[in-house]
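First comes the structure, then the notes that go with it.
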Amino acid sequence: MQSPRLGTVLVTGGAGFIGSALSRELAPLSDRWVVLDNLHPQIHPTRQRPDALHASAELVIGDVTSSEDWDRVLTLVKPNVVFHLAAETGTAQSLNEATRHASVNVVGTTEMLDAFSRASHVPQHFILSSSRAVYGEGSWQRSDGSIFTPGQRTHSQLAASQWDFAGATALASESRRTVPAPTSVYGATKLAQEHILRAWTNARDTGLTILRLQNVYGPGQSLINSYTGIVSLFSQWAREGKTIPVYEDGHIVRDFVFIDDVVSAFAAASGRQPHEDDAPFDIGVGGQATILDAATFIANYYSAPTPEITGAFRDGDVRHASCDIERSKAELSWVPEWPVERGLSALQEWIGAQIEAGEPHITS
Ligand SMILES: NC(=O)c1ccc[n+]([C@@H]2O[C@H](COP(=O)([O-])OP(=O)(O)OC[C@H]3O[C@@H](n4cnc5c(N)ncnc54)[C@H](O)[C@@H]3O)[C@@H](O)[C@H]2O)c1
């Protein structure tokens, strides 16, 4: 991993899963590490500063949608580098709480930029934690070799158990060749964040790096947020000897990327000189695992019953999400080091330790 000296850093949403892990790696390499986070109760049930946040991090409790909170933060700190992580992250939840997702993810981003304009301060580098959700179903290939963007599976298609796009196979997404086509409100708001930050940073001649993260998992992920973190949820069920229910036919595909590999990608991004025409970087392991694969591994780990394929579905769920990481590896000088089975085992050990220590969890 590169170890750049970072100067003064501001991290929005920096008390969450990824932000806390990032603080442990990068706060010691910065002159100041300031976190703006509202300690959202869905992630932080006790509303206390998380132990996982590095001791040197200065936590400002505030909301990215509040201009007053922004002015307060920018009086305190004039960052060189901004990691923009604050977000409402529930993909399925965003269908029913669209305004909340748009408010935090879109308006929260514009409030941040307006605050920098009011403070007459332009950071040298913004690093956005974007998502594979911007691709939706991405690109698929027919048997004749032609490539198409299938768009969203409709409710009636899913109700008829038509899980795949007939006669076609999914391609790994790559930001320079896959057209974004979000199938969730969440995905649409993450894409909006990318465009808003690109417009602002180009106009201000400053740097932007966008990381499109696949499914991040690992120690530190919320044990109580039932809307995100499927791996954590599966683990808690299996640990109690319950049968893990698996949606559709079990063959939903994901690229599970371990938290340490995501942290090293952010570190690599922060250590490089951004270019105005940088395409977003795809961050995964470049692998493809079905949800059934992950559920089976976790069930076996605990000698729990075989996972049950339920045929249930969620509107807006993407059938296939994986990415091509070759360009990210080459241009970020970054290599993911955690194969899924090793990462899943490390997560189980952490979950066990948390539950034994009395930490709140979903099945408690
Ligand atoms: N975890 C993943 O699998 C994943 C995948 C792709 C992208 N991302 C993106 O990475 C970022 C961080 O994700 P995470 O997994 O650490 O999520 P998280 O929910 O653990 O952390 C988000 C943090 O943002 C804070 N927050 C929420 N609303 C806020 C608001 N209005 N004002 C200030 N702070 C607020 C929360 O309190 C929390 O500490 C998000 O932008 C998310 O979209 C995550």
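Add 1083 to the 1-based position in the sequence shown for this note's numbering, that's all there is to it. We put the CB at the ideal spot given by N, CA and C, even for glycine.
Residues Pro1133, Ala1135, Leu1136, Gly1303 of the same chain have their beta carbon placed closer than 7 angstroms to that of Ser1103, with the five preceding and five following residues left out of the count. Out of Tyr1384, Ala1377, Leu1211, the CA that lies nearest to the CA of Ala1348 is found in Leu1211. Residue state for Asp1120 is assigned as strand, using DSSP reduced to three classes. In this structure, Val1164 lies near Gly1090, with their beta-carbon atoms less than 8 angstroms apart. Our two residues, Ser1149 and Thr1158, have alpha carbons roughly 14 angstroms apart in a direct line. When the five nearest sequence neighbours on each side are left out, the beta carbons in the same chain lying within less than 7 angstroms of the beta carbon of Glu1359 are those of Asn1285, in order along the chain. The C-beta separation of Pro1111 from Pro1162 comes to about 17 angstroms, leaving the pair out of contact by the 8 angstroms criterion. By DSSP's assignment, Phe1349 forms no beta bridge with any residue.
In the displayed model, Ser1212 falls within a strand according to three-state DSSP.
From the listed residues Leu1093, Trp1223, His1238, the smallest Cα separation to Phe1231 is found for Trp1223.
Given a length threshold of 3 residues, each whole run of the beta strand (DSSP E) inside the stretch 1338-1425 is given here in chain order: 1339-1341, 1364-1366. Residue environment analysis places Ala1170 among the buried positions, since at least 16 neighbouring C-beta atoms fall within 10 angstroms of its C-beta.
Annotation: the continuous beta strand (DSSP E) that includes Glu1141 extends over 1141-1144. Of the candidates Arg1287, Glu1439, Ser1267, Val1418, the residue whose Cα lies closest to the Cα of Thr1182 is Ser1267.
With the rule of 3 Cβ pairs closer than 8 angstroms, the stretch 1212-1220 counts as touching the stretch 1286-1300. When DSSP states are grouped into helix, strand and coil, Tyr1300 belongs to the strand group. For Phe1100, same chain residues with a beta-carbon under 6 angstroms away, outside a window of 5 residues either side, are Gly1303, Gln1304 in chain order.
Checking the DSSP bridge columns, you'll see Arg1115 partnered with Thr1091.
Relative to ligand 1, Ala1135 has its C-beta separated by 7 angstroms or more from all heavy atoms. Between the beta-carbon of Leu1415 and that of Ala1351 there is about 4 angstroms, and that keeps the pair under the 8 angstroms contact cut. Counting C-beta pairs closer than 8 angstroms gives fewer than three between the stretch 1187-1207 and the stretch 1253-1262, which falls short of the contact rule. Arg1201: member of the alpha helix (DSSP H) spanning 1191-1201, first to last residue. Cα atoms of Trp1433 and Ser1229: separation of roughly 45 angstroms, rounded to the nearest angstrom.
Contact annotation: Gly1333 and Ile1381 have beta-carbon atoms that are not nearer than 8 angstroms. At a threshold of 7 angstroms, Ala1169 counts as near ligand 1, since its beta carbon sits closer than that to one of the ligand's heavy atoms.
Around the beta carbon of Asn1383, fewer than 16 other beta carbons sit within 10 angstroms, so the residue counts as exposed. Burial state of Thr1174 is buried, judged by a 10 Å Cβ sphere holding 16 or more other Cβ atoms. Looking at the backbone, the Cα of Ser1411 and that of Glu1257 are separated by about 10 angstroms. Burial is judged here by how many other beta carbons sit within 10 angstroms of a residue's own beta carbon; Glu1331 has at least 16 and is buried. Leaving aside the five residues that flank Ser1405 on each side, the residues in its chain whose CB is nearer than 8 angstroms to its CB run, in chain order, Ala1253, Ala1255, Ser1256, Gln1297, Val1336, Arg1337, Asp1338, Gly1367, Gly1369, Gly1370, Gln1371. With fewer than 16 other Cβ atoms from the protein chains shown falling within 10 Å of its own Cβ, His1278 counts as exposed.
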